[in-house]
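> Before anything else, here's the structure in question.
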Amino acid sequence: MDVLSVSEINAQIKALLEATFLQVRVQGEVSNLTIHKVSGHAYFSLKDSQSVIKCVLFKGNANKLKFALKEGQEMVVFGGISVYVPRGDYQINCFEIEPKEIGSLTLALEQLKEKLRLKGYFDEAHKLPKPHFPKRVAVITSQNSAAWADMKKIASKRWPMCELVCINTLMQGEG
Numbered sequence: 001m002d003v004l005s006v007s008e009i010n011a012q013i014k015a016l017l018e019a020t021f022l023q024v025r026v027q028g029e030v031s032n033l034t035i036h037k038v039s040g041h042a043y044f045s046l047k048d049s050q051s052v053i054k055c056v057l058f059k060g061n062a063n064k065l066k067f068a069l070k071e072g073q074e075m076v077v078f079g080g081i082s083v084y085v086p087r088g089d090y091q092i093n094c095f096e097i098e099p100k101e102i103g104s105l106t107l108a109l110e111q112l113k114e115k116l117r118l119k120g121y122f123d124e125a126h127k128l129p130k131p132h133f134p135k136r137v138a139v140i141t142s143q144n145s146a147a148w149a150d151m152k153k154i155a156s157k158r159w160p161m162c163e164l165v166c167i168n169t170l171m172q173g174e175g
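Residue 1 is where the sequence shown starts when you use the numbering used here, and the numbers rise one by one after that.
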């Protein structure tokens with residue numbers, strides 16, 4: 001049996017692990033979360049009742065998240081195992097992260113609602129009274145659509161003082 005240096009054994013471990021675990025999905029609870037302000041990278045551990053694995057989410061992938069990563073969240077990470085040879089450490093290099101129970105958009109919406117609620121934006125004291133009649137109505141549709149033509153026709157008959165604004169967008173179907 002050959003005697004290997006520490007660097008040699010770590011290099012062999014790196015080659016084996018990175019080739020074997022090129023793409024993995026791992027579920028666990030986020031812990032030890034650190035987000036570096038300068039680099040934008042997120043470092044955290046993913047744990048279950050019996051084990052822990054280190055994870056990294058580099059800035060480019062972190063910017064794609066539609067929700068804020070927080071301590072204690074149950075997540076499913078998709079990535080590959082990477083080995084840092086000088087220390088013999090391995091971790092999951094995360095490409096994507098999804099909440100286990102709910103979708104990322106739902107989680108992002110819930111987090112935004114909570115943030116706005118804490119700032120008091122939903123308090124009745126901050127709300128403006130609703131107008132009896134609208135002065136301006138925005139319609140999101142194609143400028144060339146039948147819907148836009150119908151809105152202009154009906155609004156001019158029923159409430160000619162109302163300003164109509166078309167927010168032009170592509171719609172399904174013709175036109």
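Cβ coordinates follow ideal geometry from the N, Cα and C atoms, glycine included.
If I measure Cβ to Cβ from glutamate 74 and keep anything under 6 angstroms in the same chain, skipping five residues before and after, which residues do I get?
Here residue 74 refers to the residue found at position 74 when the sequence shown is read from its first residue. For glutamate 74, where only same-chain residues beyond five positions count, the Cβ hits under 6 angstroms are Glu29 and Lys100.
> Where do the N-terminal and C-terminal ends of the beta strand (DSSP E) with glycine 79 fall, by residue?
Taking the first residue of the sequence shown as position 1, residue 79 is located at position 79. Start and end: 74-84.
> Residue range of the beta strand (DSSP E) that threonine 141 falls in?
Sequence index remark: in the sequence shown, residue 141 carries index 141 (1-based). First-last of the beta strand (DSSP E) with threonine 141: 136-141.
> Between phenylalanine 58 and the rest of its own chain, which residues show a CB-CB distance below 6 angstroms, the 5 nearest in sequence each way excluded?
On the sequence shown, residue 58 is found 58 positions in, with the first residue counted as 1. Correct list, in chain order: His41.
> If methionine 151 and leucine 164 are in contact, beta carbons under 8 angstroms, what's the gap, nearest whole angstrom?
Taking the first residue of the sequence shown as 1, we reach residue 151 at position 151. Taking the first residue of the sequence shown as 1, we reach residue 164 at position 164. Contact flag correct, Cβ pair sits at about 6 angstroms.
> When the cut-off is 8 angstroms and only beta carbons count, does glycine 28 lie next to chain D?
Of the protein chains in the structure, only one exists, and it is not chain D.
> Once the 5 residues before and after lysine 54 are set aside, which same chain residues still bring their CB inside 6 angstroms of it?
Within the sequence shown, numbered from 1, the residue matching residue 54 stands at position 54. Within the same chain, lysine 54 has close Cβ partners Ser45 and Gln91.
> Over the uninterrupted alpha helix (DSSP H) stretch that includes leucine 17, give me the two end residues.
Taking the first residue of the sequence shown as position 1, residue 17 is located at position 17. Looking at the DSSP string, the run of the alpha helix (DSSP H) that includes leucine 17 is 6-20.
> At the level of alpha carbons, what is the spacing between proline 129 and methionine 161?
Sequence index remark: in the sequence shown, residue 129 carries index 129 (1-based). Sequence index remark: in the sequence shown, residue 161 carries index 161 (1-based). Answer to the nearest angstrom: the Cα atoms are 20 angstroms apart.
> Which residues in the same chain as leucine 17 place their Cβ atom closer than 7 angstroms to its Cβ, once the five residues preceding and following it in sequence are excluded?
By 1-based counting over the sequence shown, the position of residue 17 is 17. Counting only Cβ-Cβ distances below 7 angstroms, and skipping sequence neighbours, we find Ile81, Val83 and Tyr90.
> Kindly indicate which residue of Phe133, Ala147 and Val52 has the alpha-carbon position closest to the one of arginine 158.
Here residue 158 corresponds to residue number 158 of the sequence shown, with the count starting at 1. That would be Phe133, whose Cα lies nearest to the Cα of arginine 158.
> Between which two residues does the alpha helix (DSSP H) harbouring asparagine 63 extend?
One-based indexing of the sequence shown puts residue 63 at position 63. Unbroken run through asparagine 63: none, as it is neither H nor E.
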